[in-house]
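Colleague: There's a structure below that I have some questions on.
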Amino acid sequence: MNTPRPATGNGRKVFLMSTIKPHKGARKRFRLTRRGKVMRPAAGTAHLRAKKSSKRKRQQRRDKLVHPTEIKKLKRLLAY
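Here it is as structure tokens:
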């Protein structure tokens, strides 16, 4: 997967490392703030809203912070 690819320059072969690509699944689900925090959408908003209180539904509209133990892993997946 990460095999170097040849590049031409000054008549010599120079090997460039392959690019780091962000994980598309993580890119769709998480976002980075300007300060470097990782935000995620609230869980439990897909269905069964009738039984949930208005307060609970209102609070679930906002994004939540990702737990500190997961941040390093997600930043690696998001890459840029």
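For the sequence shown, my numbering assigns the number 70 to the last residue and increments by one with no breaks. Every residue gets a Cβ at the ideal spot worked out from N, C-alpha and C, and that includes glycine. Predicted model, so just to flag it, every value in this text is computed and none were measured.
1. Kindly identify the DSSP beta-bridge partner or partners of Arg25.
2. Touch check for the region 60 to 67 and the region -2 to 17: three-plus C-beta pairs under 8 Å?
3. Rounded to a whole number of angstroms, what is the C-alpha to C-alpha distance between Leu55 and Ser8?
4. Quick check on Val4: buried or exposed, where buried means 16 or more other Cβ atoms within 10 Å of its Cβ?
5. Mapping DSSP to helix, strand and coil, what is Leu38?
Modeller: A quick look at the data gives this:
1. None, per the DSSP bridge assignment.
2. yes
3. 32 Å
4. exposed
5. coil
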